[in-house]
Amino acid sequence: MQNIRSIFIMLAGATFFVAMLLLTFSVTLAVGGILTVLMVGRALSMKLKPAPVRAKANNGKPEMRIWNDGRGTIIDL
């Protein structure tokens, strides 16, 4: 009787181990697939939209720049 119980417990443990192994593998594949789809979608969307361009309104007058070079404040009109 002890032999049969030991074999049953061993088979139950092996079955549980294989089930957890398959669950881990399937979840890993699912997460990898989702991340791959997101990365491909992001790469395609970056390619489709143009790069942003920084522009400033000039309004006919030059920009006034003020900085300090360590010897005094410089104001460039």
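Going by UniProt numbering, the first residue of the sequence shown is number 1, and it counts up by one from there. Yeah, the Cβ is synthetic: ideal placement off N, Cα and C, and Gly gets one too. Bear in mind the structure is a predicted one, so any value in this text is a computation, not a measurement.
Asked	Found
Any beta carbon of chain B sitting closer than 8 Å to that of M10?	Absence of chain B from the displayed structure is noted, only one protein chain being present.
Compute the Euclidean distance between the alpha carbons of G33 and A51, then round it to the nearest angstrom.	28 Å
Would you kindly report the start and end of the unbroken beta strand (DSSP E) that includes R65?	R65 to N68
Please confirm whether residue 121 and L48 have their CB atoms less than 8 Å apart.	Because the chain here runs from 1 to 77, residue 121 falls outside it and cannot be looked at.
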